[in-house]
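A quick write-up on the structure given underneath.
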Amino acid sequence: MTGVLPGDELALAGRLFGSRLILGSGKHPIERLTEVVEAGGVEIVTLALRRANLNGPGDILDHLPPGRAILPNTSGARTAKEALTLARLARELGCGDLIKIEVIADSRTLLPDNEETLQAVALLSEDGFAPLAYMTPDPVMGRKMEQAGAAAVMPLGAPIGSNRGLTTKEMVKLMVECLQVPVIVDAGLGRPSQACEAMELGVAAVMVNTAVATSDDPPAMAKAFALAVQAGRAAYLAGLGPVGRPQASSPLTGFLWEEKGSQDPSSQEKF
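Sequence positions in the sequence shown follow the numbering used here and run 1 to 271.
Shown next, in the form of structure tokens:
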């Protein structure tokens, strides 16, 4: 199950992916990752480098189906320079140049530091990386990150791990409208319906972790999110109908107005 629509693959830093659902691995027992990834048709799995044990006991690569991409992140970094150091470590470990920048300055809220993240984007792009910037939603800052070399921006939907949903909807929508790079909603989504809502805005993908890992049946929940992402993407491409005043689903002119003896249907008040 990929969830991809024909000819509508996710383009990210020159690569094409058949799924627009990204899975965070931080809260999943490593031995269950294969089952969850396969159930959701996931092709990109994130990995905090501080959890990495590549080529050693408990190597995450041993628990991923073939062909999946690892997206390392710089979780734990508090400055742009620390993020660069972690990114270089990931590259040395063979994870490639695609990397998610996480620079967190406040351990209580775990909200990203946009200013330091912007500096990290500039440093990493100059060093040959394709950085994905995890950030607090802000169209102006998003544009700056795009100009600094971000391959994508990843605004949070709600505080990380909260399962509160798309509380930043209006700001995310503005970012989709004004940025050229992919906008990926990251953090806070708690239900498949919320992922569908995000995709209907035109975001390129969504990332989930806690919502799947803390459910009663993680593989089934991963599949539910994949279906929701596909539905939201299909709705966006189809073009959502305008929101306005109530209208009858069938035309009233031509038979009902004639029965009422009206010669001018347009003169009748409509609700």
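No residue lacks a Cβ here, since even glycine has one placed at the ideal position from N, Cα and C.
Isoleucine 22 versus glycine 14: straight-line alpha-carbon distance, rounded: Along the sequence shown, one-based indexing puts residue 22 at 22. Along the sequence shown, one-based indexing puts residue 14 at 14. If you take the alpha carbons of isoleucine 22 and glycine 14, they lie about 17 Å apart.
Could you tell me the boundaries of the alpha helix (DSSP H) in which phenylalanine 225 lies? If you number the sequence shown from 1, residue 225 lands on position 225. For phenylalanine 225, the enclosing alpha helix (DSSP H) has its first and last residue at 218–238.
Which of the three DSSP states, helix, strand or coil, is assigned to threonine 46? The residue you call residue 46 lines up with position 46 of the sequence shown. Strand at threonine 46.
Which residue or residues does DSSP assign as beta-bridge partners of glycine 24? Residue 24 sits at position 24 when you count from the first residue of the sequence shown. Partner(s): Thr46.
Assigned secondary structure, proline 192 (DSSP; H/G/I helix, E/B strand, else coil): Taking the sequence shown and counting its residues from 1, the one referred to as residue 192 is at position 192. Shown here, proline 192 sits in a helix according to DSSP, grouped into three states.
I'd like to know whether the C-beta atoms of isoleucine 70 and valine 45 end up nearer to each other than 9 Å. In the sequence shown, counting from the first residue as 1, residue 70 sits at position 70. In the sequence shown, counting from the first residue as 1, residue 45 sits at position 45. Contact: yes.
Since I believe leucine 189 is in contact with alanine 204 (beta carbons under 8 Å), could you give me their beta-carbon distance rounded to a whole number of angstroms? Numbered from 1 along the sequence shown, position 204 holds the residue referred to as residue 204. Numbered from 1 along the sequence shown, position 189 holds the residue referred to as residue 189. Rounded, the Cβ-Cβ distance is 15 Å, inconsistent with contact.
Alpha-carbon spacing of arginine 32 relative to arginine 20, whole angstroms: Within the sequence shown, residue 32 is the residue found at index 32, counting from 1. Within the sequence shown, residue 20 is the residue found at index 20, counting from 1. Separation of arginine 32 and arginine 20 (C-alpha to C-alpha, rounded to the nearest whole angstrom) is 21 Å.
Take the Cβ of threonine 214 as the centre, count every other Cβ of all protein chains shown within 10 Å, and call the residue buried at 16 or more, exposed below. Walking along the sequence shown from the start, residue 214 turns up at place 214. When all chains shown are included, threonine 214 counts as exposed.
Should glutamine 180 be labelled buried (16 or more other beta-carbon atoms within 10 Å of its own) or exposed? By 1-based counting over the sequence shown, the position of residue 180 is 180. Glutamine 180 should be labelled exposed.
Would you give the residue range spanned by the alpha helix (DSSP H) that arginine 91 belongs to? Here residue 91 refers to the residue found at position 91 when the sequence shown is read from its first residue. Where arginine 91 is concerned, the enclosing alpha helix (DSSP H) stretches over 80–92.
What does the alpha-carbon distance come out to for the pair leucine 227 and alanine 133? Counting from one through the sequence shown, the residue named residue 227 turns up at place 227. Counting from one through the sequence shown, the residue named residue 133 turns up at place 133. In a straight line, the C-alpha of leucine 227 is about 26 Å away from that of alanine 133.
Closer than 8 Å: glycine 41 CB and nearest the ligand ADP heavy atom: As far as ligands go, the structure on display features none, and thus does not contain the ligand ADP.
Could you tell me the distance, in whole angstroms, from the CA atom of aspartate 127 to the CA atom of threonine 85? Position 127 of the sequence shown, counted from the first residue, corresponds to residue 127. Position 85 of the sequence shown, counted from the first residue, corresponds to residue 85. Here the C-alpha atom of aspartate 127 lies approximately 11 Å from the C-alpha atom of threonine 85.
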